[in-house]
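Have a look at the structure below before the remarks.
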Amino acid sequence: MKAMFGYDSGELSRGKKVPVMWDTKQVVNPHMLIAGISGMGKTYTLKKIISHVASTLSPGQKMRVHVIDVHGDIDIPGASTVVFSEQSPYGLVNPLKINPDPHFGGLRKQIQGFIATMNRVMRQLGNKQEACLRNLLTDLYITHGFKQDDPSTWMIDPESARFLSDGSNRLYIDVPRAEKDQAKALGARWEPTLTCWWVQPDKYQGGITRWPPKTLGRTQPSIRDALVLARRILSQSFLGADEEAITNLEIFQRASDQYQSSVLEAMRRGEKLVEDEALIATLDKKKHAAIDTFTQYVESIKTGREIETLMKYSSTDVLASVVDRLENLDAMGMFKTEPAPHDENVMVWRYVTNALLLDERRLAGLFKMEEIFLNAIQRGEQDDVVEIIIADEGHIYADDDPENIMNKIGLEARKFGLSLIVATQSPKHVPDGFMMSCGTKVILGLDESEWRSSATKFRVTEQALAWTKAREKMLVQTKQKGQSKNDWKWTAIADTMPEMEAVALEA
Numbered sequence: 001m002k003a004m005f006g007y008d009s010g011e012l013s014r015g016k017k018v019p020v021m022w023d024t025k026q027v028v029n030p031h032m033l034i035a036g037i038s039g040m041g042k043t044y045t046l047k048k049i050i051s052h053v054a055s056t057l058s059p060g061q062k063m064r065v066h067v068i069d070v071h072g073d074i075d076i077p078g079a080s081t082v083v084f085s086e087q088s089p090y091g092l093v094n095p096l097k098i099n100p101d102p103h104f105g106g107l108r109k110q111i112q113g114f115i116a117t118m119n120r121v122m123r124q125l126g127n128k129q130e131a132c133l134r135n136l137l138t139d140l141y142i143t144h145g146f147k148q149d150d151p152s153t154w155m156i157d158p159e160s161a162r163f164l165s166d167g168s169n170r171l172y173i174d175v176p177r178a179e180k181d182q183a184k185a186l187g188a189r190w191e192p193t194l195t196c197w198w199v200q201p202d203k204y205q206g207g208i209t210r211w212p213p214k215t216l217g218r219t220q221p222s223i224r225d226a227l228v229l230a231r232r233i234l235s236q237s238f239l240g241a242d243e244e245a246i247t248n249l250e251i252f253q254r255a256s257d258q259y260q261s262s263v264l265e266a267m268r269r270g271e272k273l274v275e276d277e278a279l280i281a282t283l284d285k286k287k288h289a290a291i292d293t294f295t296q297y298v299e300s301i302k303t304g305r306e307i308e309t310l311m312k313y314s315s316t317d318v319l320a321s322v323v324d325r326l327e328n329l330d331a332m333g334m335f336k337t338e339p340a341p342h343d344e345n346v347m348v349w350r351y352v353t354n355a356l357l358l359d360e361r362r363l364a365g366l367f368k369m370e371e372i373f374l375n376a377i378q379r380g381e382q383d384d385v386v387e388i389i390i391a392d393e394g395h396i397y398a399d400d401d402p403e404n405i406m407n408k409i410g411l412e413a414r415k416f417g418l419s420l421i422v423a424t425q426s427p428k429h430v431p432d433g434f435m436m437s438c439g440t441k442v443i444l445g446l447d448e449s450e451w452r453s454s455a456t457k458f459r460v461t462e463q464a465l466a467w468t469k470a471r472e473k474m475l476v477q478t479k480q481k482g483q484s485k486n487d488w489k490w491t492a493i494a495d496t497m498p499e500m501e502a503v504a505l506e507a
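Under full-length UniProt numbering, think of the first position of the sequence shown as 1, with each following residue one higher.
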């Protein structure tokens with residue numbers, strides 16, 4: 001698999017066409033950094049690399065290219081493109097999806113990675129908030145059948161893991177027979193053909209969330225699942241009661257609201273108010289049911305462990321702040337459970353995230369790269385590149401933390417057949433660790449104010465940086481296997497695809 005940048009300008013001046021190539025079989029690793037200010041052709045270069053990769057694949061060779069498009073301007077012909085926003089019905093990534101690998105996966109690593117990525121982009125969680133969120137997510141995984149000490153529970157059959165659906169806009173919920181009256185009182189309706197209770201998706205809030213969505217087989221937990229669980233625990237912590245008592249309290253409150261609405265409607269129509277004794281009796285019955293269950297909960301506390309169950313989430317204030325953080329994540333719209341409808345038969349999958357805020361785009365990109373990297377590890381070692389991530393404006397994901405996914409991919413992903421191509425406007429934002437792990441570096445043209453620092457960072461002369469010109473001249477360094485010295489190639493850009501194909505096929 002190859003891509004051609006152009007011709008060696010020195011050789012070209014002597015009448016020889018010596019191509020400057022990126023050959024994944026020859027470079028020490030397949031990662032690439034492309035640096036250039038706006039207007040120097042970064043998007044153009046990325047498109048050309050994708051075209052060249054597609055044209056030089058061996059017969060039967062499979063390739064997937066993930067384009068994380070933060071500006072929405074990398075329009076690849078034939079790509080499977082999905083736009084992500086608050087209104088989009090699709091989720092970009094599930095950051096809580098468990099990696100089933102017995103060595104690299106599991107609950108603890110997934111939780112720790114999720115918290116670390118959140119802290120990298122959003123306001124950092126305090127120690128108590130981290131502990132609260134960690135306990136919350138651990139309980140969430142347990143309710144979905146995952147156990148940290150049993151790797152056999154980490155694997156889910158994707159074909160069997162799905163929500164019960166009849167094709168309509170209904171959310172079916174898993175209500176035990178003994179609790180059907182409570183579910184009905186909270187607005188759930190019965191569907192006899194599927195023998196299941198359901199609500200409208202926008203009504204799935206409050207007490208009704210006590211019952212989880214009905215699934216066929218086990219499913220991976222989602223951000224929405226974490227939020228639902230956190231809200232239930234917050235209600236228990238705030239009210240000092242269990243789910244049974246809180247459910248009955250909400251049933252009573254719901255009935256009271258309906259009664260008040262009927263009274264106000266009668267007054268609006270000018271009707272004489274007549275007390276409905278049967279309705280009053282029903283309200284009184286529901287009120288006493290709530291009182292009784294609160295009383296039963298308090299009287300059932302014998303060992304004190306009942307309170308400890310809530311205390312592991314720290315104080316109500318800490319839990320409320322975690323709920324607020326989960327609500328912010330859920331509101332971003334990129335963690336929905338409906339997967340993006342990318343075409344499996346298309347090589348290039350494009351993720352357009354420009355409708356999101358900058359921090360949201362950054363968070364989406366980090367989580368997506370993490371997911372792709374973990375999938376690559378699970379896939380195992382490869383002889384050649386089988387997957388490429390193209391991260392436009394890659395500096396927004398970068399930092400010096402060795403646990404940053406960009407740095408991890410740079411150090412570990414080569415043997416798993418994963419390549420990361422990062423485009424950036426300024427190399428000063430790119431960590432030295434990732435810079436050193438790139439087998440190929442391309443300089444399209446930098447701002448004059450950065451020539452001195454960039455010359456030091458790239459080990460190139462300022463004269464060479466001044467020589468570059470948009471879509472005409474670039475600098476390319478490819479670290480080849482078996483070579484101790486890797487000079488920068490002053491490269492005249494070649495734009496013609498047929499010419500490139502001929503050179504590549506001859507090679």
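Virtual Cβ for every residue (Gly too), placed ideally from N, Cα, C.
Here the structure is a predicted model, which is why all the values come from computation and not from measurement.
Confirm the yes/no value for this check: CB of residue i, any heavy atom of the ligand SAH, distance under 8 angstroms.
| i | result |
| --- | --- |
| ARG210 | For the structure depicted, the ligand SAH is absent and the ligand set is empty, with no information on it obtainable. |
Residue i to residue j, Cα distance in whole Å?
| i | j | result |
| --- | --- | --- |
| THR337 | PRO100 | 19 angstroms |
| HIS66 | ILE173 | 35 angstroms |
| GLU306 | GLY207 | Because GLU306 carries a pLDDT of 48, less than 50, the predicted location of this residue cannot be relied on, and the following value inherits that uncertainty. The straight-line gap from Cα to Cα measures roughly 20 angstroms. |
| HIS429 | TYR204 | 44 angstroms |
| MET436 | SER453 | 16 angstroms |
| SER9 | GLU462 | 17 angstroms |
| LEU356 | MET155 | 32 angstroms |
| ALA364 | THR117 | 10 angstroms |
| THR424 | ILE37 | 8 angstroms |
| GLY145 | GLY60 | 39 angstroms |
| ILE111 | LEU374 | 14 angstroms |
| LEU227 | ILE388 | 33 angstroms |
| THR24 | VAL82 | 28 angstroms |
| ASN486 | ASP399 | 26 angstroms |
| PRO402 | LEU420 | 16 angstroms |
| ASN29 | ARG414 | 6 angstroms |
| ASP383 | GLN182 | 58 angstroms |
| PRO102 | PRO151 | 6 angstroms |
How is residue i classed by DSSP in three states: helix, strand or coil?
| i | result |
| --- | --- |
| HIS52 | helix |
| TRP467 | helix |
| GLU5 | Strictly speaking, residue 5 in this sequence is Phe, with Glu absent from that position. Reduced to three states, the DSSP call for PHE5 is strand. |
| LYS415 | helix |
| GLN61 | coil |
| GLU370 | helix |
| TRP154 | helix |
| HIS429 | helix |
| ASP181 | helix |
| ARG14 | coil |
| SER80 | strand |
| VAL175 | coil |
| ILE377 | helix |
| ASP400 | coil |
Between the options, which lies nearest to residue i when the distance is taken from Cα to Cα?
| i | options | result |
| --- | --- | --- |
| residue 593 | GLY410, VAL385 and THR478 | The structure shown has nothing for residue 593, since the chain only spans 1 to 507. |
| HIS395 | ALA35, ALA54 and GLY41 | ALA35 |
| ASN404 | ARG471, MET32 and ILE115 | ILE115 |
| LYS214 | MET118, LYS2, ALA492 and LEU171 | LEU171 |
| GLN477 | TRP488, VAL18 and SER484 | TRP488 |
| TRP451 | ALA464, ALA188, THR440 and GLY439 | ALA464 |
| ASN354 | MET332, THR143, MET32 and VAL18 | MET332 |
| LYS441 | VAL352, ASP447 and VAL422 | VAL422 |
| LYS17 | GLY78, THR24 and TYR7 | TYR7 |
| SER58 | PRO102, LEU12, MET1 and HIS71 | MET1 |
| ILE372 | ARG362, GLY417, ARG361 and ALA79 | GLY417 |
| ASP359 | ALA230, MET122 and LEU136 | MET122 |
Taking 7 angstroms as the limit between beta carbons, can you name the residues of its chain near residue i, skipping five residues before and five after?
| i | result |
| --- | --- |
| CYS132 | TYR313, SER314, VAL318, LEU319 and VAL322 |
| TRP467 | LYS473 and TRP490 |
| TRP190 | TRP197 |
| GLY41 | LEU444, ALA470 and ARG471 |
| THR153 | GLY145, PHE146 and LYS147 |
Please return the same chain residues whose Cβ sits closer than 8 angstroms to the Cβ of residue i, not counting the five positions on each side in sequence.
| i | result |
| --- | --- |
| residue 516 | For residue 516 there is no data in the structure shown, the boundaries of the chain being 1 and 507. |
| PHE335 | GLY91, LEU92, VAL93, ASN94, PRO95, SER222, ILE223, ARG224 and LEU329 |
| residue 524 | This structure cannot speak to residue 524, because the chain is shown only from 1 to 507. |
Residue range of the alpha helix (DSSP H) that residue i falls in?
| i | result |
| --- | --- |
| residue 508 | Because the chain here runs from 1 to 507, residue 508 falls outside it and cannot be looked at. |
| CYS438 | Unbroken run through CYS438: none, as it is neither H nor E. |
| GLY113 | 107–121 |
| THR138 | 127–143 |
| LEU326 | 316–331 |
Can you name the start and end residues of the beta strand (DSSP E) that residue i belongs to?
| i | result |
| --- | --- |
| ASP23 | 19–23 |
| GLU393 | First-last for GLU393: undefined, no H or E at that position. |
| ALA494 | Run containing ALA494: none; DSSP gives neither H nor E here. |
Under 6 angstroms Cβ to Cβ from residue i, same chain only, skipping five residues before and after it: list those, please.
| i | result |
| --- | --- |
| LEU33 | VAL422, CYS438 and LYS441 |
| LYS457 | PRO427 |
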